[in-house]
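The block underneath contains the structure these notes are about, expressed in structure tokens.
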Amino acid sequence: MTASKAGPAGTAGNAGNTRLILLTLAAGQFLMALDSSVMNVSIATVAEDIGTTVSGMQGAITAYTLVMAMLMISGGKVGALIGRKRAFMIGCVIYGLGSFTTAIAPNLPVLMLGWSFLEGVGAALILPAIVALVASNFDKEQRPAAYGLVAAAAAVAIAVGPLIGGAATTFFSWRWVFAGEVVVVFVILLLARRIADAPPDHRPRIDVPGALLSAAGIGLFVFGVLRTSEWGWFQPKPGGPSWFHLSPVVWLVLAGLSLVWLFFRWETRLVARGVEPLVDPELLRNKQLSGGLTMFFFQYLVQMGVFFVVPLYLSVALGLSALHTGALILPLSITLLAAAIGIPKFRPNASPRRVVRFGILVMFAGAVILMAALTPDSGPEVVTVPMLLIGLGIGALASQLGAVTVSAVPDEQTAEVGGIQNTVTNLGASIGTAVAGSIMIAVLTGSFLATIDQNPAIPAEVKSQAHTALAGTAPFLSDEQLTTALEEAGTDPAVAQAALDANEEARIDGLRAALGILALAALVALFFTQRIPATQPGAARDPAGATS
Numbered sequence: 011m012t013a014s015k016a017g018p019a020g021t022a023g024n025a026g027n028t029r030l031i032l033l034t035l036a037a038g039q040f041l042m043a044l045d046s047s048v049m050n051v052s053i054a055t056v057a058e059d060i061g062t063t064v065s066g067m068q069g070a071i072t073a074y075t076l077v078m079a080m081l082m083i084s085g086g087k088v089g090a091l092i093g094r095k096r097a098f099m100i101g102c103v104i105y106g107l108g109s110f111t112t113a114i115a116p117n118l119p120v121l122m123l124g125w126s127f128l129e130g131v132g133a134a135l136i137l138p139a140i141v142a143l144v145a146s147n148f149d150k151e152q153r154p155a156a157y158g159l160v161a162a163a164a165a166v167a168i169a170v171g172p173l174i175g176g177a178a179t180t181f182f183s184w185r186w187v188f189a190g191e192v193v194v195v196f197v198i199l200l201l202a203r204r205i206a207d208a209p210p211d212h213r214p215r216i217d218v219p220g221a222l223l224s225a226a227g228i229g230l231f232v233f234g235v236l237r238t239s240e241w242g243w244f245q246p247k248p249g250g251p252s253w254f255h256l257s258p259v260v261w262l263v264l265a266g267l268s269l270v271w272l273f274f275r276w277e278t279r280l281v282a283r284g285v286e287p288l289v290d291p292e293l294l295r296n297k298q299l300s301g302g303l304t305m306f307f308f309q310y311l312v313q314m315g316v317f318f319v320v321p322l323y324l325s326v327a328l329g330l331s332a333l334h335t336g337a338l339i340l341p342l343s344i345t346l347l348a349a350a351i352g353i354p355k356f357r358p359n360a361s362p363r364r365v366v367r368f369g370i371l372v373m374f375a376g377a378v379i380l381m382a383a384l385t386p387d388s389g390p391e392v393v394t395v396p397m398l399l400i401g402l403g404i405g406a407l408a409s410q411l412g413a414v415t416v417s418a419v420p421d422e423q424t425a426e427v428g429g430i431q432n433t434v435t436n437l438g439a440s441i442g443t444a445v446a447g448s449i450m451i452a453v454l455t456g457s458f459l460a461t462i463d464q465n466p467a468i469p470a471e472v473k474s475q476a477h478t479a480l481a482g483t484a485p486f487l488s489d490e491q492l493t494t495a496l497e498e499a500g501t502d503p504a505v506a507q508a509a510l511d512a513n514e515e516a517r518i519d520g521l522r523a524a525l526g527i528l529a530l531a532a533l534v535a536l537f538f539t540q541r542i543p544a545t546q547p548g549a550a551r552d553p554a555g556a557t558s
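For what it's worth, the numbering used here labels the leading residue of the sequence shown as 11, then goes sequentially.
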């Protein structure tokens, strides 16, 4: 991308226009990241309002990131076909329609249509376009700072999202958050007229079979993981479906992985025939790029897993308001922002590999400390230090990974890398939410049933009814919700108290297990850090060593 294509924004003497364009693109990035953090503090309230459960909300959160992961690469190609600016604006319109639908949603299906599907489709067009539009609107010397500020906008959204969601839910309604997004989209559309388009070097070919294979493969894999809480990982749960004496999860995951394998075989075949692929498999052989993408995957897996589990503990287990929940997550947001902005500013020449390893270890420490501190008697204060540590780790990763991936390829491949990067991050977010929720529910169920089985105060008939009613899956309920249900069922007071005690212990066991799997994921990420460069991109970089 040459400076001549940058248009007015890239020329000297037009700083005001440049700032306005950067503000517009940063606002788009802010909006995309906001949805990933604003709803988590309101899970319990939203679930009650639309008549669903925590598992239902888990499905909606996962589906939102899953839709983006499935369509992000195709969205980038569509942008190259119709123009990045047009794709950005069309994506904003679709996203705005999704936000409006979510704001008026009376039930879970309508919520998923607006939030999970329409907003996900809009984001799949917007995010790859932002990467290319930064390149087309800023000179080469300006781009690192511009990319950094756009990334900072996402960090700000993660930082303020819990507070925005908590305040809106506590004082007004969670619906006002999405109504506000419609207004922001309208403003972005007005300002977007000043953006110079990113004209493609050629008219790309849309690889329809590749798009279908990649979307189906990713979709089946994550959907299978999501259903583990109800169907079981390997053995079918009582009352659940069975395919050839195994849980359907096994077959869905295998089918998903097989389709992803076929996708890469298909892409390799297209390259051999001289036909433009959806993704050039050669890109993933780039050592620096694959290392950055792997770290992005683990960062978002742990990050979104934590953002799902911790608000549940605060809002459901402790019964705190959405605003109080958001305030308690604020330490994570503060250290995240401080690290994401402070490390590049004060340690611009720090080794990316060392910073990434530091970030992973700090995230691991935060998850382990919180897992060890959780007890049925613990209060909200136990999350403070772990949130500080996890936020510091996420911020350290965020400060390095964007530059690592973008600098791994020539400028003309930046937009393609942007699509792959956003696919990987959303795949990590989907799997993080799905796995954390699945492990939590599975352990909660086993712990609850084991506790009541061992309690002699509970009649054998009630124990049998509990096993039958739960069918291997217990809902994540607050004491107030369970008390109401027991009273409506006319349960004996002694039995009701035993059930409340069992539920309290089981909730903590489930939360500990979910945090344990997230800590393990962080530890696994350490084995891949060798692919992260030891020096800052551009500093004594050996181009020949970028691939392996």
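Using N, Cα and C, we set each Cβ at its ideal position, and we do this for glycine too.
With burial defined as no fewer than 16 other Cβ atoms inside 10 Å of the residue's Cβ, what is the status of residue i: buried or exposed?
i	result
Q245	exposed
R522	buried
I216	exposed
W276	buried
R237	buried
S490	It is Glu, not Ser, that sits at residue 490 in the sequence shown. Result: exposed.
P543	buried
D463	exposed
G20	Legend: pLDDT at G20 = 43, less than 50; position of this residue unreliable, value from coordinates given subsequently. Buried, by the Cβ-count rule.
S252	exposed
F308	buried
Nearest-angstrom Cα distance between residue i and residue j?
i	j	result
E514	A178	28 Å
G176	L328	15 Å
V365	A531	18 Å
L536	P466	47 Å
N302	W243	The amino acid at residue 302 is misidentified as Asn; the sequence shows Gly. G302 and W243: Cα-Cα distance of roughly 30 Å.
R541	A406	17 Å
L560	T278	No information on residue 560 is available, as it lies outside the stretch 11 to 558 that the chain covers here.
A554	S300	Note that A554 scores 35 on pLDDT, short of 50, meaning its location in the model is unreliable; the coordinates nonetheless yield the value given after this. Answer to the nearest angstrom: the Cα atoms are 16 Å apart.
M450	I53	15 Å
L123	A360	44 Å
G520	G93	47 Å
S343	V166	8 Å
P116	V56	10 Å
F233	L81	15 Å
Q616	I140	Outside the displayed range of the chain (11 to 558) lies residue 616, so it cannot be described from this structure.
G412	L159	11 Å
M42	V259	30 Å
V218	V120	29 Å
I379	P396	6 Å
G284	R367	40 Å
Q431	T415	8 Å
N296	V103	36 Å
G447	A516	14 Å
T557	G249	Caution applies to T557, whose pLDDT of 37 falls short of 50 and renders its modelled position unreliable; the model cannot decide the point.
A377	D502	39 Å
G106	D387	43 Å
By the three-class DSSP mapping on this structure, what secondary structure does residue i have?
i	result
W261	helix
L256	strand
K297	helix
P386	coil
Q309	helix
W243	coil
M49	coil
A57	helix
F182	coil
F148	coil
L77	Note that residue 77 is Val in the sequence shown here, rather than Leu. DSSP places V77 in helix when its eight states are reduced to three.
D217	coil
E129	helix
Could you work out which residue in the options is closest to residue i when comparing CA atoms only?
i	options	result
V192	N359, E129, E58, M78	E129
A382	P358, L525, A145, V427	L525
T345	G403, L311, P386, G442	G403
V434	S448, I379, L294, V395	L294
T34	A348, F368, N147	N147
A444	Q546, S47, A73	A73
Quiz item: Taking contact to mean at least 3 C-beta pairs separated by less than 8 Å, is the segment 270-278 in contact with the segment 216-229?
Solution: The segment 270-278 makes contact with the segment 216-229, as at least three CB pairs between them are under 8 Å.
Quiz prompt | Touching by the beta-carbon criterion (3+ pairs, under 8 Å), the segment 75-94 and the segment 123-142 | solution = Note that the segment 75-94 touches the segment 123-142; at least 3 beta-carbon pairs, one per stretch, sit closer than 8 Å.
Quiz item: Pairing CB atoms from the segment 61-70 with CB atoms from the segment 183-199, are three or more of them under 8 Å?
Solution: Segment contact: the segment 61-70 against the segment 183-199, fewer than three CB-CB distances shorter than 8 Å; contact not assigned.
Quiz item: Counting Cβ pairs, one atom from each stretch, are 3 or more of them under 8 Å apart for the segment 324-344 and the segment 450-459?
Solution: No: fewer than three Cβ pairs fall under 8 Å.
Practice problem: Taking 8 Å as the threshold, find out whether the segment 71-81 comes into contact with the segment 435-442 through three or more Cβ pairs. | Solution: Segments in contact, yes.
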